[in-house]
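For reference, the structure discussed in these notes is given below.
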């Protein structure tokens, strides 16, 4: 869908799309998504990989979960996260391609 292929958007649709893009507006959330694209990870594993507190990572994951971009499963006391919608990874790849564009 390029240029003239877009249909007019309702205010509600535009708001929901903007909220989805907001997920990619936080550098920590952008760093989390590629890690989850590789494999399912626990909050502890993510916190260690990102050198952040578990609380900081959990906060970002909660936002991503609210948009259904990640999902989790519980194993004992641990939560393991994975990507729930690969289309957001496509957005991330497109953003990286845009940065590489001369």
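Residue numbers (the working numbering): 333 to 434.
Every residue, glycine too, gets a C-beta built ideally from N, C-alpha and C.
Because the structure is a prediction, the values reported are computed rather than measured.
For residue 423, the closest alpha carbon among the candidates 400, 382, 367 and 353 is that of 353. Burial is judged here by how many other beta carbons sit within 10 angstroms of a residue's own beta carbon; residue 357 has fewer than 16 and is exposed. Counting the other Cβ atoms within 10 Å of the Cβ of residue 428 gives fewer than 16, which makes it exposed.
The three-state reading of DSSP puts residue 342 in coil, since its state is none of H, G, I, E or B. Annotation: the continuous beta strand (DSSP E) that includes residue 406 extends over 402-407.
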